[in-house]
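Engineer: Residue numbers (my numbering), protein chains in the order written: chain A, 2 to 162; chain B, 2 to 162; chain C, 2 to 162; chain D, 2 to 162.
In this text, a Cβ means the ideal position worked out from N, Cα and C, and glycines have one as well.
Note that the structure is a prediction, hence the values are computed from the model and not measured.
There are 4 protein chains.
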Amino acid sequence: MFIQFITTGGTIDKIYFDALSQFEVGESQVNHILTEGLVEFDYEIVPLLQKDSLELTDEDRRKLHDYIANENGTRFVVTHGTDTMPETAEALAGLDGKTIVLTGALTPARFKTTDAIFNVGMAVAAAQTAAPGVYIAMNGQIFSAGRVRKNRAENRFEDLP
Amino acid sequence: MFIQFITTGGTIDKIYFDALSQFEVGESQVNHILTEGLVEFDYEIVPLLQKDSLELTDEDRRKLHDYIANENGTRFVVTHGTDTMPETAEALAGLDGKTIVLTGALTPARFKTTDAIFNVGMAVAAAQTAAPGVYIAMNGQIFSAGRVRKNRAENRFEDLP
Amino acid sequence: MFIQFITTGGTIDKIYFDALSQFEVGESQVNHILTEGLVEFDYEIVPLLQKDSLELTDEDRRKLHDYIANENGTRFVVTHGTDTMPETAEALAGLDGKTIVLTGALTPARFKTTDAIFNVGMAVAAAQTAAPGVYIAMNGQIFSAGRVRKNRAENRFEDLP
Amino acid sequence: MFIQFITTGGTIDKIYFDALSQFEVGESQVNHILTEGLVEFDYEIVPLLQKDSLELTDEDRRKLHDYIANENGTRFVVTHGTDTMPETAEALAGLDGKTIVLTGALTPARFKTTDAIFNVGMAVAAAQTAAPGVYIAMNGQIFSAGRVRKNRAENRFEDLP
Chain A
2 MFIQFITTGG TIDKIYFDAL SQFEVGESQV NHILTEGLVE FDYEIVPLLQ
52 KDSLELTDED RRKLHDYIAN ENGTRFVVTH GTDTMPETAE ALAGLDGKTI
102 VLTGALTPAR FKTTDAIFNV GMAVAAAQTA APGVYIAMNG QIFSAGRVRK
152 NRAENRFEDL P
Chain B
2 MFIQFITTGG TIDKIYFDAL SQFEVGESQV NHILTEGLVE FDYEIVPLLQ
52 KDSLELTDED RRKLHDYIAN ENGTRFVVTH GTDTMPETAE ALAGLDGKTI
102 VLTGALTPAR FKTTDAIFNV GMAVAAAQTA APGVYIAMNG QIFSAGRVRK
152 NRAENRFEDL P
Chain C
2 MFIQFITTGG TIDKIYFDAL SQFEVGESQV NHILTEGLVE FDYEIVPLLQ
52 KDSLELTDED RRKLHDYIAN ENGTRFVVTH GTDTMPETAE ALAGLDGKTI
102 VLTGALTPAR FKTTDAIFNV GMAVAAAQTA APGVYIAMNG QIFSAGRVRK
152 NRAENRFEDL P
Chain D
2 MFIQFITTGG TIDKIYFDAL SQFEVGESQV NHILTEGLVE FDYEIVPLLQ
52 KDSLELTDED RRKLHDYIAN ENGTRFVVTH GTDTMPETAE ALAGLDGKTI
102 VLTGALTPAR FKTTDAIFNV GMAVAAAQTA APGVYIAMNG QIFSAGRVRK
152 NRAENRFEDL P
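1. For C/Gln51, collect the residues of the same chain with a Cβ closer than 6 Å to its Cβ; drop the 5 residues on either side in sequence, then sort them by chain order.
2. Is it true that the CB of A/Val31 sits closer than 8 Å to the CB of A/Ile16?
3. Mark C/Gly95 as exposed unless 16 or more other C-beta atoms lie within 10 angstroms of its C-beta, in which case mark it buried.
4. With which residues is D/Ile237 paired in a DSSP beta bridge?
5. From the beta carbon of B/Ile34, is the nearest beta carbon of chain A less than 8 Å away?
6. What is the DSSP secondary structure of C/Ser22, counted as helix, strand or coil?
7. Output the distance between the C-alpha atoms of B/Thr12 and B/Thr108, rounded to the nearest integer angstrom.
8. If you pair each beta-carbon of the region 124-131 of chain D with each one of the region 128-148 of chain C, do three or more pairs fall below 8 Å?
9. Does any residue of chain B have a CB that is nearer than 8 Å to the CB of A/Ile143?
10. Are the C-beta atoms of C/Glu72 and some chain D residue less than 8 Å apart?
11. Just to confirm the assignment: which complete beta strand (DSSP E) runs, minimum length 3, are found wholly within the region 20-92 of chain A?
12. Can you tell me whether C/Gly10 is helix, strand or coil according to DSSP?
13. Is B/Gln129 close to chain A? Criterion is C-beta to C-beta, closer than 8 Å.
14. Taking all protein chains shown into account, decide if C/Asp61 is buried (16 or more other Cβ within 10 angstroms of its Cβ) or exposed.
15. May I ask you to report which of helix, strand or coil DSSP gives A/Asn156?
16. Quick one: list the residues of chain A neighbouring B/Met86, beta-carbon separation under 7 Å, in chain order.
17. Using a Cβ-Cβ cut-off of 6 Å (strictly less than) and excluding sequence neighbours within five positions of A/Asn152, which residues of its own chain qualify?
18. Going by the C-beta, is A/Pro109 closer than 7 Å to any heavy atom of the ligand SAH?
19. Decide if C/Phe3 is buried, meaning its Cβ has at least 16 other Cβ atoms within 10 Å, or exposed.
20. Just reading off the alpha helix (DSSP H) that D/Phe119 is part of, what are its end residues?
21. Could one say the Cβ of D/Phe112 lies closer than 8 Å to chain B's Cβ atoms, at least one of them?
22. Does the distance from the CB of A/Gly141 to the CB of B/Glu41 come in under 8 Å?
23. With a threshold of 8 Å between beta carbons, is C/Pro105 in contact with chain D?
24. State yes or no: is the beta carbon of C/Ser22 nearer than 8 Å to at least one beta carbon in chain A?
25. So with CB distances below 7 Å, who are the chain D contacts of C/Thr125?
26. To the nearest angstrom, how far is the alpha carbon of A/Thr100 from that of A/Val135?
27. On the three-state DSSP scale, how would you describe A/Arg150?
28. Which residues, in order along the region 30-54 of chain B, keep a beta-carbon less than 8 Å from a beta-carbon of chain A?
29. Does the beta carbon of B/Arg63 come closer than 8 Å to any beta carbon on chain A?
30. Between C/Asn140 and chain F, is the shortest Cβ-Cβ distance under 8 Å, so that the two count as touching?
31. Using a threshold of 8 Å, state whether the C-beta atoms of D/Phe119 and C/Glu88 are closer than that.
32. Between B/Leu57, B/Leu49, B/Asp53 and B/Ile34, which lies nearest to B/Met123 when the distance is taken from Cα to Cα?
33. Ignore the nearest five residues each way along the sequence and tell me which others in A/Ser22's own chain have a CB closer than 6 Å to its CB.
34. So, helix, strand or coil for D/Lys15, using DSSP?
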């Protein structure tokens, strides 16, 4: 089994800079999470973008789409900021024969308490067991692209009404 | 979406007693892990057994089988010791229409570094996305019951040769 | 033994708000740290201020000074932002018969990896064993007020040259 | 400033072996704790013994005593199992001009929740600020050798009555 992880930035990889009292997107935590998860399959981590998802452009999404389209692999996990994760999921529709799972975190992976590890675990399982298509793994659920939104007031993902 | 979690003991729930310098199976960590994972689906946690998996008997496995058979739910995550997880998975075969995922941990969930959170995340995703059947979620992989073993020398799960 | 903990804000208590992608000062972590440290002495936690230390005013420092002056206790631990910790330490000089230890953190206590727990441990010990006076406990050292500065470029505390 | 850390084993360094379901004393966690504490002083870590403190012999204690006696340094932190920490503290009495602080943990340092970091922080501060002598840093307190015992029923250190 082989999974490609593509990192694009977002809260999951945020780090803290004291001088500024601000978080900025840091080096990806995916490798650390996979090590802690004791995974034994083959994988590759591709750091494609390093942005807050609010700053992602159409061109960024095209770049991600084309990257996946050009790969021979069929299982992809994309770490992504939460604010526009549903938009990116829709932009990846139509890539035949590939299972693509987007995930991220509502709290940075560097925190003591974070949803990042659980979410990457979900994404890894869905990339193996779900039919080809685009999914979002957040809040304990595997949502299909186009049927999910982020409820910002409640800070969680939910089915589109 | 509704998932039933059945806990049976094992390393995942081990705690440390100083006086004895030994681990014993403690209260289940599943609820804590789901809270950290910010899950938003409905669930129930059923503490069925509290044993090292080496001590599980045929009767214990029958009890687990019958418990699941008698429930109306279709998604189950069973936390279990690793040493005999493959045996228990096989003992649950034949429960039609139910997706049952066994998981556990090679290092206790109470440790700083543990595979428990990642594994429960995988199990939660597989319980939603995998076809009815019995699976084991360990070492980053979703194995089918009957096709997996624990390699004790290497301390990991692998496909049966 | 009795120690009074006075919290004033700073990085040690920072929390993360996703929407803003910014840290803000949150509820004090001191109680959590003392619980994890299994402390058995009597203590009280007084949340006096909740600010970044760059925003502390002369009036804030006077308030802190007067609070300590009016208490009968003799052992104080003050959690404080790091940027102006040396200034506040000097502003507390001259309070006879009291051992006052300022500490904080270069990384928030809510992070997986943080100096907060170690630093509060140091401060608690120094409040018991150091002669009356004002001290700063950071980077593994107990500095005397007036003889220490924060080297911002290196992000650490050091002796004044 | 220079501190020598001497490790002798005990709960603080316990690790978990799945096959045996038992903890054994592992590699010392002191270096990891000092790194997390962002300490900036010079130090050396000497792994002298690796035992449960119930198994320490008179000869072990003599070895520790002689090691410290023969060093030129004046500040020592000794990590030690908790069960016989008071006995070892008394065995180190009479080493003139040296501040020796024994510490350890009631829960292994490899756990998510552990008193190890807080305790080593206390010991580091006491090694700097306490008068020459032998001390125990546990449960938030700096006890003098000869005036402290472990209350095993309550699993904490306390003043001798």
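Structural biologist: Straight from the coordinates:
1. Answer for C/Gln51: Gly10 and Val26, listed in chain order.
2. The Cβ atoms of A/Ile16 and A/Val31 do not sit closer than 8 Å to each other.
3. With fewer than 16 Cβ atoms within 10 Å of its Cβ, C/Gly95 is classed as exposed.
4. The structure shown does not extend to residue 237 of chain D, since chain D is modelled only from 2 to 162, so the question has no answer here.
5. Yes, B/Ile34 lies at the interface with chain A (some Cβ there is under 8 Å from its Cβ).
6. Low local confidence applies: a pLDDT of 47 at C/Ser22 is under 50, so the model's placement there is unreliable, with the coordinate-based value given in what follows. It is coil, neither helix nor strand.
7. Separation of B/Thr12 and B/Thr108 (C-alpha to C-alpha, rounded to the nearest whole angstrom) is 6 Å.
8. Under the three-pair Cβ rule at 8 Å, the region 124-131 of chain D counts as touching the region 128-148 of chain C.
9. Yes, because at least one Cβ of chain B sits closer than 8 Å to the Cβ of A/Ile143.
10. With 8 Å as the cut-off, C/Glu72 does not count as an interface residue toward chain D.
11. Entirely contained in the region 20-92 of chain A, the beta strand (DSSP E) runs reaching 3 residues are, in chain order, 23-26, 43-52 and 76-80.
12. The answer is strand: DSSP assigns C/Gly10 an E or B state.
13. With 8 Å as the cut-off, B/Gln129 counts as an interface residue toward chain A.
14. Buried, since its Cβ has 16 or more Cβ neighbours within 10 Å.
15. In the structure shown, A/Asn156 sits in coil (DSSP, three-state: anything other than H, G, I, E or B).
16. Residues of chain A whose Cβ lies closer than 7 Å to the Cβ of B/Met86 do not exist; the shortest such Cβ separation is about 14 Å.
17. Cβ within range, chain order: Glu159.
18. Inclusion of the ligand SAH in the displayed structure is not the case, the ligand content being empty and no account of it being possible.
19. With a 10 Å radius around the Cβ and a threshold of 16 neighbouring Cβ atoms, C/Phe3 comes out exposed.
20. Its alpha helix (DSSP H) spans residues Ala117 to Thr130.
21. Yes - at least one Cβ of chain B is within 8 Å of the one on D/Phe112.
22. Yes, the Cβ-Cβ distance between A/Gly141 and B/Glu41 is below 8 Å.
23. Per the sequence shown, the amino acid found at residue 105 of chain C is Gly instead of Pro. By this cut-off, C/Gly105 is not an interface position.
24. The predicted model places C/Ser22 with a pLDDT of 47, which falls under 50 and marks its position as unreliable; any figure quoted below should be read in that light. Chain A contact via Cβ: present.
25. The amino acid at residue 125 of chain C is misidentified as Thr; the sequence shows Val. Think of a sphere of 7 Å around the beta carbon of C/Val125: the chain D residues whose beta carbon falls inside it are Met123 and Gly141, in chain order.
26. Taking the straight line from one Cα to the other gives about 6 Å.
27. Strand, per DSSP.
28. For the region 30-54 of chain B, which is checked against every Cβ of chain A, the residues closer than 8 Å are Ile34, Leu35, Glu37, Gly38, Leu39, Val40, Glu41 and Phe42.
29. It does not: the Cβ of B/Arg63 has no partner Cβ on chain A nearer than 8 Å.
30. As a matter of chain content, chain F is missing from the structure shown, whose protein chains are A, B, C and D.
31. Not closer than 8 Å, so no.
32. Checked all of B/Leu57, B/Leu49, B/Asp53 and B/Ile34; the closest Cα to B/Met123 is B/Ile34.
33. Below a pLDDT of 50, predicted positions are generally treated as unreliable, and A/Ser22, at 47, falls in that range; the measurement from the model is reported next regardless. Hits under 6 Å: none found.
34. Strand, per DSSP.
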